[in-house]
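*Asks:* 210 is the number of the first residue of the sequence shown in my numbering; add one for each residue after it.
Let me begin by handing over the structure; questions about it come next.
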Amino acid sequence: MAGIKGHELAKAALETAVLDAELRSYGMPLATYLGSVRERVPAGVSVGIRPTVAELLDDVEGYLAEGYVRIKLKIEPGWDLEPVRAVRDRFGADLPLQVDANTAYTLADAEHLRRLDEFGLLLIEEPLAENNLYAHARLQQRIATPVCLDESLHNAADTASAIAMDACRVVNVKPARVGGYLEARRVHDVAYAHGCRCGAAACWRRASAAPRTWRWRPCPAARSPGTRRLPAATSPRTSRSRCVLVDGHLPVPRSPGIGVAPVPETLRRFTKDRRDLYVT
Numbered sequence: 210m211a212g213i214k215g216h217e218l219a220k221a222a223l224e225t226a227v228l229d230a231e232l233r234s235y236g237m238p239l240a241t242y243l244g245s246v247r248e249r250v251p252a253g254v255s256v257g258i259r260p261t262v263a264e265l266l267d268d269v270e271g272y273l274a275e276g277y278v279r280i281k282l283k284i285e286p287g288w289d290l291e292p293v294r295a296v297r298d299r300f301g302a303d304l305p306l307q308v309d310a311n312t313a314y315t316l317a318d319a320e321h322l323r324r325l326d327e328f329g330l331l332l333i334e335e336p337l338a339e340n341n342l343y344a345h346a347r348l349q350q351r352i353a354t355p356v357c358l359d360e361s362l363h364n365a366a367d368t369a370s371a372i373a374m375d376a377c378r379v380v381n382v383k384p385a386r387v388g389g390y391l392e393a394r395r396v397h398d399v400a401y402a403h404g405c406r407c408g409a410a411a412c413w414r415r416a417s418a419a420p421r422t423w424r425w426r427p428c429p430a431a432r433s434p435g436t437r438r439l440p441a442a443t444s445p446r447t448s449r450s451r452c453v454l455v456d457g458h459l460p461v462p463r464s465p466g467i468g469v470a471p472v473p474e475t476l477r478r479f480t481k482d483r484r485d486l487y488v489t
């Protein structure tokens, strides 16, 4: 697929299916294939923008009570310093806390963003326009909080460029964003080789891959248990999901392939066409 430009999500889906089939034929879990050395990984949760600070604090308190060990707050202009300060004041300096700006700021906001340094954040994720490595490098020069890049990094080459420019000091590794697990592993290895921390978001199998993923500062995986993705009528505290949070950690799947079985009814609902492939 190297000759096809873009379409990372589609590539990731196809690659994952092929990888799953191959690993199942070997009886090998994906975690083992990726070099996993952990049986479980710590879990964090992303908390969106709320109507009031009081509601935000209630949500954070609830997630911490469920066992999450790291909190990520979504921020934007007008909703940044006050909610971050409130969470720090309420839950203390020891809470692993980070923020995600989703490209909501510009370089002109650098002095304002520098005020976040006082809160001892793990990182600020994707604060400026997507793909603008130069602006992120300029921002990182002016703030102490580590900049984390996510959507701006499409492959290992982008990652190497960003690190060389000091446009980021943390790399968010998402297989779906970069075209699959194989490229995600390359992104991780580039970051590790350059001494850059990695956050393995949306993939706790990858987060378990090796001690080097979390070598510098424990920055728990951003993936939340599947229970949070249940329909609204189902309580997120129920245990219907295969992924159950235990002591703030998620177990690394150890069954062959990607570790979970497809849901036939869901596949049928979204299937447009079908081809049967036979290997001789």
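Built from N, CA and C at the ideal position, the CB exists for glycine as well.
#1: Distance, Cα to Cα, residue 219 vs residue 378?
#2: Helix or strand or just coil, what does DSSP make of residue 481?
#3: Assign residue 326 to one of three DSSP states: helix, strand, or coil.
#4: Thinking just about the alpha-carbon of each residue, which of 310, 253, 238, 222 is nearest to the one in residue 456?
#5: For residue 303, does the three-state DSSP call read helix, strand or coil?
#6: For residue 339, which of helix, strand or coil comes out of DSSP?
#7: On the CB-based measure, 16 or more other CB atoms within 10 Å of its CB, does residue 371 come out buried or exposed?
#8: Report the CB separation of residue 342 from residue 376 in whole angstroms; it is logged as a contact under 8 Å.
#9: Give the DSSP-derived three-state secondary structure of residue 473 in the structure shown.
#10: Exposed or buried, which one is residue 277 when buried takes at least 16 other CB atoms within 10 Å?
#11: Leaving out five residues on either side along the sequence, give the residues of the same chain with a beta carbon under 6 Å from the beta carbon of residue 447.
#12: Rounding to the nearest angstrom, what Cα-Cα distance links residue 249 and residue 242 in this structure?
#13: Thinking just about the alpha-carbon of each residue, which of 355, 477, 460, 393 is nearest to the one in residue 328?
*Replies:* According to the structure data:
#1: Within the sequence shown, residue 219 is the residue found at index 10, counting from 1. Within the sequence shown, residue 378 is the residue found at index 169, counting from 1. If you take the alpha carbons of residue 219 and residue 378, they lie about 28 Å apart.
#2: On the sequence shown, position 272 is the one that residue 481 refers to. DSSP places residue 481 in coil when its eight states are reduced to three.
#3: For the purposes of this step, residue 326 is taken as the residue at position 117 of the sequence shown. Helix.
#4: Position 247 of the sequence shown, counted from the first residue, corresponds to residue 456. Closest by alpha carbon: 253.
#5: Within the sequence shown, residue 303 is the residue found at index 94, counting from 1. Of the three classes helix, strand and coil, the one that applies to residue 303 here is coil, per DSSP.
#6: Locating residue 339 in the sequence shown gives position 130, counting from the first residue. Three-state result, residue 339: coil.
#7: To locate residue 371, count along the sequence shown from 1; it is residue 162. It is buried - the Cβ of residue 371 has at least 16 other Cβ atoms within 10 Å.
#8: Translated into positions along the sequence shown, residue 342 becomes position 133. Translated into positions along the sequence shown, residue 376 becomes position 167. Contact holds; Cβ gap of about 4 Å.
#9: Locating residue 473 in the sequence shown gives position 264, where the first residue counts as 1. In this structure, residue 473 counts as helix in the three-state DSSP scheme.
#10: Within the sequence shown, the letter at position 68 stands for residue 277. Residue 277 is buried by the Cβ-count criterion.
#11: On the sequence shown, residue 447 is found 238 positions in, with the first residue counted as 1. The pLDDT assigned to residue 447 is 32, lower than 50, so where the model puts this residue is not dependable; a value taken from the coordinates is nonetheless given after this. None.
#12: Counted from its first residue, the sequence shown places residue 249 at position 40. Counted from its first residue, the sequence shown places residue 242 at position 33. Those two C-alpha atoms are separated by around 16 Å.
#13: As a working mapping, residue 328 is identified with position 119 in the sequence shown. That would be 355, whose Cα lies nearest to the Cα of residue 328.
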